[in-house]
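Protein chains in written order, with my numbering: chain A, 1 to 309; chain B, 1001 to 1265. Reviewing the structure listed below.
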């Protein structure tokens, strides 16, 4: 018997005495699974031989199968990515990222963020790849590009394709998702990020997380981060984020290509944050499961799943 | 319905214990023995494109009997030396003047050239970026400073035209930079320098490159330049061989101190 049925089986008066009634009564309990990748770097096909431990692993067609199976069995699932989709194989040089984004839509991604390498061919080519994904005829809707620390006023075509956050509602769980990107200095040539100003990611996150919590009333806050997991000498990385920005439940990381077997729990002012990252190249698919009751996270766990053929 | 291998896999994954770990804990490895089949809809899109890629990238260029390698920790980056040699050589006819020095960033060379027949795809893997060859003017003193910045940051960025020697200990070291024939560098002389738009734009933190004057943007990508060089060698029936080592002579304790960020010059 699940928790909802258990509660329903109690006398209505008994429940009412413990639970303040809301105007629109949402289911009291819910769960959500976050599936995620990062730094896929145009690895459309599995890694070939000669790549050590990751030889033969990955591949977007296999990832699609795994995601489809998990979606059909788990129900409430979000498929997310932490950026650096571009650059790394001849597929990128030939198809300029259009193929990566189109396949991501076909696999059913809900959102991604932008990494430094997504600017490798400049803003115009990035926008072109995004537009080709939007125009694709496919039953899956286009996925979202989330970032809250790039000021894109000088690049209007990009600006209208990037949202600071999005909200998705599932039975018993309302999820808010945002994204942050790494500083351009030393990583992206100035001409390739023309019109975009990088801002402090932690300061940019604070008002967004606050809005998600207080205005959008989400139960779970997820950050897609292309800052890196544990970056020596850096002011901003994923392990530092929970202590600097309160109220984040999950950080889906990228940039440092860190292979973690399971999410790491980091203490923060409002409990714990799960910080996770699954290497690069689509070798693994990350999975984080959250169980919620009355808007509170009751259980959180996760693991990296190898994408093997 | 007969369960597919993938659903068996998923059942296995669902049954496996999932746990979050503390930062230093070792997680349990989930045993996955079943293969995940390709999704037919996605595979249908990929297959013809893979065919196209393989056709164009399979074109043979040149023989590299020994291969050309970036080198492991503490070894010299001969692949980087080759790339910077080609940069210098390709830049000269474009600016119509001698180019004394070339520098690129080792981090931008993404794959080794393995021994055997090199194909177009190998050069794409080595140089996936669209970086462009740029020629600037620097003084001799600035060339030495550029070498020093690359040395302090990454233990020496691949370059062409100079010889670099560090002597002494991590606590007390001397840097000696000469032209490749051993002649001293006149700090006031103005010379042409080949680099990339990425480094000239301030990438990889060699700030002195940004001071370059009279920039000439060649419009030639580094990749195209390398493809042309390989094709020319192949056409002439020559092999691609790695350049000789000996451009950077740095004692191991100093290399280690550079990696630990405790070294100062």
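For every residue, glycine included, the Cβ atom is placed at its ideal position computed from N, Cα and C.
Quick test of your reading: residue i and residue j, contact by CB under 8 Å. State the CB separation rounded to the nearest angstrom.
| i | j | result |
| --- | --- | --- |
| residue 220 of chain A | residue 255 of chain A | The pair is not a contact, with the Cβ atoms about 23 Å apart (cut-off 8 Å). |
| residue 41 of chain A | residue 281 of chain A | 6 Å |
| residue 192 of chain A | residue 115 of chain A | No, residue 192 of chain A and residue 115 of chain A are not in contact; Cβ-Cβ is about 13 Å, not under 8 Å. |
| residue 1070 of chain B | residue 1077 of chain B | 5 Å |
| residue 1079 of chain B | residue 1068 of chain B | 5 Å |
| residue 252 of chain A | residue 103 of chain A | Wrong, their Cβ atoms sit about 19 Å apart, outside the cutoff. |
| residue 58 of chain A | residue 43 of chain A | 5 Å |
| residue 1046 of chain B | residue 61 of chain A | 6 Å |
| residue 112 of chain A | residue 151 of chain A | Rounded, the Cβ-Cβ distance is 19 Å, inconsistent with contact. |
| residue 274 of chain A | residue 250 of chain A | 5 Å |
| residue 999 of chain B | residue 1210 of chain B | Since the first and last residues shown for chain B are 1001 and 1265, residue 999 of chain B lies out of range. |
Closer than 8 Å, CB to CB, is residue i near chain B or not?
| i | result |
| --- | --- |
| residue 267 of chain A | no |
| residue 87 of chain A | yes |
| residue 99 of chain A | yes |
| residue 120 of chain A | yes |
| residue 252 of chain A | no |
| residue 278 of chain A | no |
| residue 139 of chain A | no |
| residue 105 of chain A | no |
| residue 66 of chain A | yes |
| residue 130 of chain A | no |
| residue 60 of chain A | yes |
| residue 162 of chain A | no |
| residue 157 of chain A | no |
| residue 311 of chain A | The first residue shown for chain A is 1 and the last is 309, placing residue 311 of chain A beyond what the model contains. |
| residue 142 of chain A | no |
| residue 71 of chain A | no |
| residue 307 of chain A | yes |
Distance cutoff 8 Å, beta carbons only. Does residue i sit that close to anything in chain A?
| i | result |
| --- | --- |
| residue 1160 of chain B | no |
| residue 1041 of chain B | yes |
| residue 1038 of chain B | yes |
| residue 1029 of chain B | With a pLDDT of 48 at residue 1029 of chain B, under the threshold of 50, the predicted position of this residue should be treated as unreliable, though the coordinate-derived value follows. It does: the Cβ of residue 1029 of chain B has a partner Cβ on chain A nearer than 8 Å. |
| residue 1106 of chain B | no |
| residue 1098 of chain B | no |
| residue 1060 of chain B | no |
| residue 1197 of chain B | yes |
| residue 1071 of chain B | no |
| residue 1101 of chain B | no |
| residue 1215 of chain B | no |
Which of the three DSSP states is assigned to residue i in this structure?
| i | result |
| --- | --- |
| residue 287 of chain A | strand |
| residue 1192 of chain B | strand |
| residue 84 of chain A | coil |
| residue 305 of chain A | strand |
| residue 298 of chain A | strand |
| residue 187 of chain A | coil |
| residue 1155 of chain B | coil |
| residue 1044 of chain B | helix |
| residue 1261 of chain B | coil |
| residue 277 of chain A | coil |
| residue 69 of chain A | helix |
| residue 202 of chain A | helix |
| residue 268 of chain A | strand |
| residue 214 of chain A | helix |
| residue 1173 of chain B | strand |
| residue 29 of chain A | strand |
| residue 1060 of chain B | strand |
| residue 1083 of chain B | helix |
Which residues in the same chain have their Cβ closer than 7 Å to the Cβ of residue i, if we skip the five residues on either side of it in sequence?
| i | result |
| --- | --- |
| residue 153 of chain A | 159 |
| residue 119 of chain A | 126, 188, 192, 193 |
| residue 1122 of chain B | 1113 |
| residue 247 of chain A | 209, 213, 221, 270 |
| residue 1117 of chain B | 1060, 1063 |
| residue 1098 of chain B | 1092, 1192 |
| residue 217 of chain A | 174 |
In chain order, what residues of the same chain have a beta carbon less than 8 Å from the beta carbon of residue i, not counting five sequence neighbours either side?
| i | result |
| --- | --- |
| residue 1085 of chain B | 1102, 1160, 1243 |
| residue 32 of chain A | 76, 77, 78, 170, 173, 175, 220, 289, 290, 292 |
| residue 1164 of chain B | 1147, 1151, 1156, 1175, 1176, 1177, 1247, 1248, 1249, 1250 |
| residue 230 of chain A | 237, 238, 239, 256, 258 |
| residue 1239 of chain B | 1062, 1063, 1064, 1065, 1233 |
| residue 1198 of chain B | 1105, 1108, 1129, 1131, 1204 |
Leaving aside the five residues before and after residue i along the sequence, list all residues of the same chain whose C-beta is less than 6 Å from its C-beta, in chain order.
| i | result |
| --- | --- |
| residue 1229 of chain B | 1086 |
| residue 92 of chain A | 42, 86 |
Could you give the uninterrupted runs of the beta strand (DSSP E) lying entirely in the segment 221-265 of chain A, keeping only those of 3 residues or more? 250-253
Runs of alpha helix (DSSP H) lying entirely within the segment 139-175 of chain A, each at least 4 residues, in chain order: 156-159
Segments assigned beta strand (DSSP E), at least 3 residues, entirely inside the segment 1102-1159 of chain B: With a minimum length of 3 residues, the unbroken runs of beta strand (DSSP E) contained wholly in the segment 1102-1159 of chain B fall at 1116-1119, 1132-1139.
Whole alpha helix (DSSP H) runs in the segment 1184-1242 of chain B with 4 or more residues, listed along the chain? 1197-1200, 1222-1235
Can you check the segment 87-121 of chain A for any alpha helix (DSSP H) of at least 4 residues that lies completely inside it and give the ranges in chain order? 90-95, 98-107
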